[in-house]
Amino acid sequence: MRIAVVLRAIIAAVGVVGVVGCGTTVDGAATTPTIAGESDGAELFNPCSEVPDEWLRETGLDPATKTVTTDPQGESMWRICGWYAVDGPYRVDIISTSHTQAESRANAKLTGFQEVALGSRSGLIYKDKSDELELSCYVSLPAQQGMFEIAVGWRASQPVTADRCELAVEHAKDLEPHLPR
Numbered sequence: 000m001r002i003a004v005v006l007r008a009i010i011a012a013v014g015v016v017g018v019v020g021c022g023t024t025v026d027g028a029a030t031t032p033t034i035a036g037e038s039d040g041a042e043l044f045n046p047c048s049e050v051p052d053e054w055l056r057e058t059g060l061d062p063a064t065k066t067v068t069t070d071p072q073g074e075s076m077w078r079i080c081g082w083y084a085v086d087g088p089y090r091v092d093i094i095s096t097s098h099t100q101a102e103s104r105a106n107a108k109l110t111g112f113q114e115v116a117l118g119s120r121s122g123l124i125y126k127d128k129s130d131e132l133e134l135s136c137y138v139s140l141p142a143q144q145g146m147f148e149i150a151v152g153w154r155a156s157q158p159v160t161a162d163r164c165e166l167a168v169e170h171a172k173d174l175e176p177h178l179p180r
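In this text, residue positions in the sequence shown follow numbering that gives the first Met the number 0: the first is 0, and each later residue adds one.
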């Protein structure tokens, strides 16, 4: 239970960081960040309702362990659902957002950026600076709506026995062909 709360807090923090951490200044004056698809939140792919059990099983996730982090009715800039792996003590969240990889790169609260090929898309690997235990890793894939993030969060009560970023890339590669471009 405590682990789920910690993971939700980390995922929510990244979501908030993505929303408020991307402003800039021009000639010393703050500007409002431009957010791709901000008014198109209703058009986001919804991982909570549009990811079939088959996709989850293909990538080694247990469909019965679904956790909804955020899936509000109506328009939203974020839709996040997660499932636990069948072969390890970690959870994989599929994050659908109107935010972009460029916004992630510009976000001072994210670190460790590495590019990775995910099918025909250019993926981006990164971590949240506030994750001092390094239990989580994110891989983003560009999409017309903004991007998808595949996040791996290790259970804090378990010894870390696998690289979270390698796991996130593996799951992202499995899911990439299914996710809208």
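Where is the CB? At the ideal position from N, CA and C, for every residue including glycine. All figures in this text were calculated on a predicted structure; none of them were measured in a lab.
Please go through the same chain and pick out, in chain order, the residues whose beta-carbon is closer than 7 Å to the beta-carbon of residue 78, but skip the five residues on each side of it.
Within the same chain, and ignoring the five residues on either side of residue 78 in sequence, the residues whose Cβ sits closer than 7 Å to its Cβ are 43, 45, 46, 47, 69, 70, 95.
Sort out for me which residues DSSP pairs residue 176 with in a bridge.
As DSSP reads the structure, residue 176 sits in no beta bridge.
Cβ pair count under 8 Å reaching 3, the stretch 159–179 against the stretch 128–136
Cβ pair count under 8 Å is three or more, so yes.
Which whole-angstrom value is the C-beta distance of residue 139 and residue 122, which I expect to be below 8 Å?
Yes, residue 139 and residue 122 are in contact; Cβ-Cβ is about 7 Å, under 8 Å.
If you pair each beta-carbon of the stretch 57–67 with each one of the stretch 162–178, do three or more pairs fall below 8 Å?
Enough Cβ pairs lie closer than 8 Å, so yes.
Is residue 148 helix, strand or coil by DSSP?
Residue 148 falls in the strand class under three-state DSSP.
Would you mind giving the Cβ-Cβ distance between residue 151 and residue 89, rounded to the nearest angstrom? I have them listed as a contact below 8 Å.
Going by Cβ atoms, the distance from residue 151 to residue 89 rounds to 5 Å, so yes, they are a contact pair.
Backbone secondary structure at residue 131 - three-state DSSP:
Secondary structure at residue 131: coil, using DSSP grouped into helix, strand and coil.
Sorted by chain position, which residues of the same chain lie with C-beta nearer than 6 Å to residue 136's C-beta, five sequence neighbours on each side aside?
Once the five neighbours on either side are set aside, the close Cβ partners of residue 136 are 126, 151, 163, 164, 167.
Kindly indicate which three-state DSSP category residue 141 falls into: helix, strand or coil?
The answer is strand: DSSP assigns residue 141 an E or B state.
Decide if residue 148 is buried, meaning its Cβ has at least 16 other Cβ atoms within 10 Å, or exposed.
Result: buried.
Could you check the C-alpha separation between residue 63 and residue 76 for me, to the nearest Å?
Straight-line spacing of the CA atoms in residue 63 and residue 76 works out to 26 Å.
Can you give, in chain order, each stretch of the alpha helix (DSSP H) that sits fully within the stretch 84–122 and has at least 4 residues?
With a minimum length of 4 residues, the continuous alpha helix (DSSP H) runs that stay inside the stretch 84–122 are 100–105.
6 Å Cβ shell around residue 12 - same chain, five flanking residues per side excluded
Model confidence at residue 12 stands at a pLDDT of 45, short of 50, so the residue's coordinates are unreliable and nothing is read from them.
What residue from 115, 114, 153, 128 has the CA that sits closest to residue 106's CA?
The closest CA to that of residue 106, considering only 115, 114, 153, 128, is found on 128.
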